[in-house]
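S.K.: Starting off with a structure, shown below.
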Amino acid sequence: NAGVTQTPKFQVLKTGQSMTLQCAQDMNHEYMSWYRQDPGMGLRLIHYSVGAGITDQGEVPNGYNVSRSTTEDFPLRLLSAAPSQTSVYFCASSIRGPVEQFFGPGTRLTVL
Amino acid sequence: GNSVTQMEGPVTLSEEAFLTINCTYTATGYPSLFWYVQYPGEGLQLLLKATKADDKGSNKGFEATYRKETTSFHLEKGSVQVSDSAVYFCALSDRGFGNEKLTFGTGTRLTIIP
Chain A
1 NAGVTQTPKF
11 QVLKTGQSMT
21 LQCAQDMNHE
31 YMSWYRQDPG
41 MGLRLIHYSV
51 GAGITDQGEV
61 PNGYNVSRST
71 TEDFPLRLLS
81 AAPSQTSVYF
91 CASSIRGPVE
101 QFFGPGTRLT
111 VL
Chain B
1001 GNSVTQMEGP
1011 VTLSEEAFLT
1021 INCTYTATGY
1031 PSLFWYVQYP
1041 GEGLQLLLKA
1051 TKADDKGSNK
1061 GFEATYRKET
1071 TSFHLEKGSV
1081 QVSDSAVYFC
1091 ALSDRGFGNE
1101 KLTFGTGTRL
1111 TIIP
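Quick mapping for you: the protein sequence lines, in order, are chains A and B. Numbering-wise, this note's numbering puts 3 at position 3 of the first sequence, and it's gapless, one number per residue. Take any residue in the second sequence, count from 1 to its spot, add 1000: that is its number in this note's numbering.
Printed below as a string of structure tokens:
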């Protein structure tokens, strides 16, 4: 099993550009989530999904969109990048709920 | 709302030293408590957990006891190794109104020097 994979590992964007962070898992997990990690703030939940076709907002959803068309994939879209979205983004998955999630290696995003 | 407070870092220790990383929490219900570890360049991994008061979670020589009376879940290890260098996150899970949510602390960076 590859576990949770994220691409790209690093990305630099200009303000206003859009992009999609990819996340995939091969463990047949129903629950998937996206977090951002900022210095001194721990991890904050952006969006989550409890199964294919179902998504919901987390703590900091503004500026991000998600969809869950398959069990395996949970992409995160930045609609119009802003410097405040400079962060490290983690995707995670679990059989059920946010507890005992498996985390991907992260994507470091810089918005200039 | 729920919150987790953990000691400010960074923490630097010599190999074989005793480690304590403090964590206290505020929660309205009866949370489960967790410690996650993030090694350099990797995602978070669950290190240990405790689901009710007085439970002790343990893994890889680390221990933490769920203390309801002091709302604490301090992480301890008797003899640290260089390979323990990482960022440690305390977290709680509280099932509020059927929606389980994980709340993280800010993380404590630990560096062990040989």
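Think of the CB as a built atom: it goes at the ideal place given N, C-alpha and C, for glycine as much as any other residue. In this text the structure is predicted, and so the values were computed from the model without any measurement.
Under 8 angstroms by Cβ, that's how I've got PHE1089(B) and GLN1038(B) pegged, so tell me the actual separation to the nearest angstrom.
M.R.: Yes, they are in contact, since the Cβ atoms of PHE1089(B) and GLN1038(B) sit about 7 angstroms apart, within 8 angstroms.
S.K.: Taking PHE90(A) as the reference, give the member of ASP26(A), SER18(A) and SER33(A) with the closest Cα.
M.R.: Residue SER33(A) is the option with its Cα nearest to PHE90(A).
S.K.: Return the CA-CA distance between VAL111(A) and GLN1006(B), expressed in angstroms with no decimal places.
M.R.: Answer to the nearest angstrom: the Cα atoms are 29 angstroms apart.
S.K.: Is the stretch 1062-1069 of chain B in contact with the stretch 1044-1053 of chain B, if contact means three or more CB pairs nearer than 8 angstroms?
M.R.: Yes: the two stretches touch, three or more of their Cβ pairs being nearer than 8 angstroms.
S.K.: Which one of MET41(A), LEU21(A), PRO39(A) and SER49(A) has the shortest CA to CA distance from LEU79(A)?
M.R.: The residue with the shortest Cα to Cα distance from LEU79(A) is LEU21(A).
S.K.: Comparing the C-beta of THR1106(B) with each C-beta of chain A, is any distance below 7 angstroms?
M.R.: For THR1106(B), the answer is yes, since a Cβ of chain A falls inside 7 angstroms of its Cβ.
S.K.: What is the rounded straight-line gap between the Cα of ASN1059(B) and the Cα of GLU100(A)?
M.R.: Cα to Cα, ASN1059(B) sits roughly 14 angstroms from GLU100(A).
S.K.: Give the secondary structure of VAL66(A) by DSSP, where H, G and I count as helix, E and B as strand, and everything else as coil.
M.R.: It is a strand residue.
S.K.: Say whether the stretch 1008-1016 of chain B touches the stretch 56-65 of chain A, bearing in mind that this needs 3 or more beta-carbon pairs closer than 8 angstroms, one atom from each stretch.
M.R.: Cβ pair count under 8 angstroms is below three, so no.
S.K.: What residue does the beta strand (DSSP E) around PHE90(A) start on, and which one ends it?
M.R.: Run containing PHE90(A): 87-94, per the beta strand (DSSP E) assignment.
S.K.: Going by beta carbon distance, what residues of the same chain come within less than 7 angstroms of GLN1081(B), once the five residues before and after it are set aside?
M.R.: Only GLU1015 and ILE1112 meet the Cβ criterion.
S.K.: Whole alpha helix (DSSP H) runs in the stretch 1058-1088 of chain B with 4 or more residues, listed along the chain?
M.R.: Those alpha helix (DSSP H) runs which fall completely within the stretch 1058-1088 of chain B and span 4+ residues do not exist here.
S.K.: So, does the CB of GLU1127(B) fall closer than 7 angstroms to a CB anywhere in chain A?
M.R.: A question about residue 1127(B) goes unanswered here, because the residues of chain B that appear run from 1001 up to 1114.
S.K.: Tell me whether SER80(A) sits in a helix, a strand or coil according to DSSP, three-state version.
M.R.: Three-state DSSP puts SER80(A) in coil, outside helix and strand.
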